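Working notes for the structure below.
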Amino acid sequence: MKLRLPLPTGLSLLACMLAAAPAPAAPELFNADGYRSSHYRSPTPEQATPARTLDTASLQRLLNEQTPALIDVYGRQWLHGQFIEDEVHANIPGSTWLANTGLGELDRRWQQYFEDNLERISLGNKDWPLVFYCRSDCWLGWNAVKRAHQLGYSNLYWYRDGIDAWEQAGLPLTPAHPVAVTPGH
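Just so you know, the sequence shown maps onto residues 1 to 185 in our numbering.
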């Protein structure tokens, strides 16, 4: 003989069981080193200390006055030793795309890829102006600025709203491919 609880009692019992169950742990947003490590596409702060934050007009002025290196850090899937380019990505003309270098945790290969390419882009000059960006509401650029600063780069800029703001302003984008990862990485 089956014991059947009346519907209201059964629902009450279920509600009590759910209330007593531990809530799933929310992912940590920042790791111990202060890098954003989850929910990369979410609202970003106004500043990425120690970088100067740029809007589209100030980036255009900077491009007219200096020769900064534009560094796109938008992510791209990496599988079996290669980038999976399953969708077109466009960035600001003249940019270098260092995919995946804005993640919160970089293994040794990606850290070396980041370091080697910054060295190449800046011609070894740690005071070379570097502009990091991704998309709007994207923490990858913020992380990359922090990482470049820890490597000793001092003339840092963060184009906070990134490719999305550039495109909304009606400015040109160009099809992009990430810089290849060499076998030493």
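Cβ atoms here follow ideal geometry from the backbone N, Cα and C, with glycine treated the same way.
Just so you know, these numbers come straight off a predicted model, no measurement behind them.
(message) Extract the residue ranges of the alpha helix (DSSP H) inside the stretch 19–88, only unbroken runs of 4 or more that lie entirely within it.
(response) DSSP runs (the alpha helix (DSSP H)) wholly in the stretch 19–88: 56–65.
(message) Am I right that residue 46 and residue 38 are in contact with their C-beta atoms under 8 Å? What's the rounded C-beta distance?
(response) In the sequence shown, residue 46 corresponds to position 46, counting from 1. In the sequence shown, residue 38 corresponds to position 38, counting from 1. Contact doesn't hold; Cβ gap of about 21 Å is too wide.
(request) For residue 159, write down the residues that DSSP places opposite it in a beta bridge. (result) Taking the first residue of the sequence shown as position 1, residue 159 is located at position 159. As computed with DSSP, residue 159 is found in a beta bridge with 54 and 133.
(request) Using three-state DSSP, classify residue 91 as helix, strand or coil. (result) Counted from its first residue, the sequence shown places residue 91 at position 91. Residue state for residue 91 is assigned as strand, using DSSP reduced to three classes.
(message) Quick check: does the Cβ of residue 117 come within less than 7 Å of any heavy atom belonging to the ligand ATP?
(response) Although the ligand ATP was asked about, the structure shown includes no ligands whatsoever.
(request) Pick helix, strand or coil for residue 148, following the three-state DSSP scheme. (result) Residue 148 sits at position 148 when you count from the first residue of the sequence shown. For residue 148, the three-state secondary structure derived from DSSP is helix.
(request) Taking the CB atoms as reference points, tell me whether residue 129 and residue 66 lie closer together than 8 Å. (result) For the purposes of this step, residue 129 is taken as the residue at position 129 of the sequence shown. For the purposes of this step, residue 66 is taken as the residue at position 66 of the sequence shown. The answer is yes: Cβ separation under 8 Å.
(request) Could you check which residue in 100, 95, 40 and 123 has the C-alpha nearest to that of residue 172? (result) If you number the sequence shown from 1, residue 172 lands on position 172. Taking only the C-alpha atoms, the option nearest residue 172 is 95.
(message) Assuming residue 172 is part of the beta strand (DSSP E), what are its boundary residues?
(response) Here residue 172 refers to the residue found at position 172 when the sequence shown is read from its first residue. Per DSSP, residue 172 belongs to no beta strand (DSSP E) and is neither H nor E.
(message) Can you check which of these residues, 60, 63, 104 and 81, is closest to residue 34 by C-alpha distance?
(response) In the sequence shown, the residue the question calls residue 34 occupies position 34. Restricting attention to 60, 63, 104 and 81, the CA atom closest to the CA of residue 34 is found in 104.
(message) Just verifying my parser: in three-state terms, what is the DSSP assignment at residue 139?
(response) For the purposes of this step, residue 139 is taken as the residue at position 139 of the sequence shown. Secondary structure of residue 139 (DSSP, three-state): coil.
(message) Using CA atoms only, rank isn't needed, just tell me which of 111, 101, 68 and 143 is closest to residue 93.
(response) The sequence position of residue 93 within the sequence shown is 93, counting from 1. With distances taken between CA atoms, residue 93 lies nearest to 68 out of 111, 101, 68 and 143.
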